[in-house]
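Reviewing the structure listed below.
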Amino acid sequence: MNPLPLVTGVVLAGGASSRMGTSKARVLLNGKPMIGYVTDVLSAVTDTIMVISNSDDLADLPYPVYPDVFRGCGPLGGIHSALTHTTTEINVVVSCDMPFVTSHIIRVLLDAQASAMVTVPVHNGNTEPLCGVYSRRAATTIEKLLQRQQWKMMDALKILTTTYVDVSSMGIADHCFTNINTPGELQKYDRPSTHFQGED
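Given below as structure tokens:
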């Protein structure tokens, strides 16, 4: 019997994409679906990948796709679903609309996670919970929050045992944690000169 994977990569793709007007995961950025940038990076640093989405349009991906257990709860609901379905203790979670995240950042978080339930980066004073390492042990606490309709990510981090990793001095590009939510933001970065993730 093969041992279970040590780390699972999770792509959050369950948002409504109302501001984009179409599925953000499928939107082309320099000719490539945004979700492809995220899965490429996760493939380099994790053992297996899953996608969390409430849409049927990602069924053709070469990864298992799971819906939210608690619908309409935002990213926290997606993370809960991932931690419910995962087979590993350690899980790297990245939103599908963050195509500039690098494998270097993820390795830094994995190195820092130790026994924390959550490990997230802080860049220029901003906490980035949608690019983080989440322990499967956090699922029970998150489920209780969702049952109480407490859906805010930052509130969850305060309750969970969270390690904050300041990456501001690591020479990371300012747009590394950028979320692309609108056609205007997509147009801004849809050019060959953009420095994409995966480059250490």
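Straight run, no breaks: the sequence shown in this note's numbering ends on number 317.
Virtual Cβ for every residue (Gly too), placed ideally from N, Cα, C.
Keep in mind the model is a prediction, meaning the values are calculated, not measured.
Q) Does the distance from the C-beta atom of V250 to that of L274 stay below 8 Å? A) What you label residue 250 is simply residue 133 of the sequence shown in a count that begins at 1. What you label residue 274 is simply residue 157 of the sequence shown in a count that begins at 1. The answer is no: Cβ separation not under 8 Å.
Q: Please report how far the alpha carbon of V144 lies from the alpha carbon of V282, in whole angstroms.
A: Stepping through the sequence shown from its first residue, residue 144 is reached at position 27. Stepping through the sequence shown from its first residue, residue 282 is reached at position 165. One C-alpha to the other measures close to 30 Å.
Q) When the Cα atoms are used, what is the spatial distance from M151 to Y306? A) By 1-based counting over the sequence shown, the position of residue 151 is 34. By 1-based counting over the sequence shown, the position of residue 306 is 189. Distance between the alpha carbons of M151 and Y306 is about 11 Å.
**Q.** Check: K141 C-beta below 7 Å from any heavy atom of the ligand ZN
**A.** Looking for the ligand ZN in the displayed structure turns up nothing, as the structure carries no ligands at all.
Q: Could you pull out every residue in the same chain whose Cβ sits closer than 7 Å to the Cβ of S172, ignoring the five residues on either side in sequence?
A: Here residue 172 corresponds to residue number 55 of the sequence shown, with the count starting at 1. These residues qualify, in order along the chain: S140.
Q) Which residue or residues does DSSP assign as beta-bridge partners of M167? A) Start at 1 with the first residue of the sequence shown, and residue 167 comes out as number 50. According to DSSP, which records beta bridges pairwise, M167 is partnered with V127.
Q. For D214, which of I297, R308, T203 has the nearest alpha-carbon?
A. Here the question's residue 214 lines up with position 97 in the sequence shown. Considering only alpha carbons, the answer is I297.
Q) Within this structure, are the beta carbons of M234 and T278 separated by less than 8 Å? A) Position 117 of the sequence shown, counting from 1, holds the residue named residue 234. Position 161 of the sequence shown, counting from 1, holds the residue named residue 278. Their beta carbons are under 8 Å apart, which means M234 touches T278 by this criterion.
Q: To the nearest angstrom, report how far apart H292 and F217 are at their CA atoms.
A: Walking along the sequence shown from the start, residue 292 turns up at place 175. Walking along the sequence shown from the start, residue 217 turns up at place 100. Looking at the two C-alpha atoms, the distance is approximately 7 Å.
(Q) Helix, strand or coil, according to DSSP, for G138 in the structure here? (A) Position 21 of the sequence shown holds residue 138. Confidence at G138 is low in this model, with a pLDDT of 49, below 50, so its placement is unreliable and no value can be given for it.
Q | 6 Å CB neighbourhood of S212 in its chain, flanking five on each side removed | A | Here the question's residue 212 lines up with position 95 in the sequence shown. These residues qualify, in order along the chain: L129, L247.
(Q) In whole angstroms, give me the CA-to-CA distance for P192 and A290. (A) Residue 192 sits at position 75 when you count from the first residue of the sequence shown. Residue 290 sits at position 173 when you count from the first residue of the sequence shown. The alpha-carbon atoms of P192 and A290 are separated by roughly 24 Å.
Q. Expressed to the nearest angstrom, what Euclidean distance is found between the alpha-carbon atoms of L226 and S170?
A. Here residue 226 corresponds to residue number 109 of the sequence shown, with the count starting at 1. Here residue 170 corresponds to residue number 53 of the sequence shown, with the count starting at 1. Each residue's alpha carbon lies about 24 Å from the other.
Q: Mind reading off the beta-carbon distance from V127 to A199? Whole number of angstroms is fine, and I expect it under 8 Å.
A: Locating residue 127 in the sequence shown gives position 10, counting from the first residue. Locating residue 199 in the sequence shown gives position 82, counting from the first residue. Yes, V127 and A199 are in contact; Cβ-Cβ is about 4 Å, under 8 Å.
Q. What is the rounded straight-line gap between the Cα of H197 and the Cα of W268?
A. The count along the sequence shown starts at 1 and reaches residue 197 at position 80. The count along the sequence shown starts at 1 and reaches residue 268 at position 151. Taking the straight line joining both Cα atoms gives about 11 Å.
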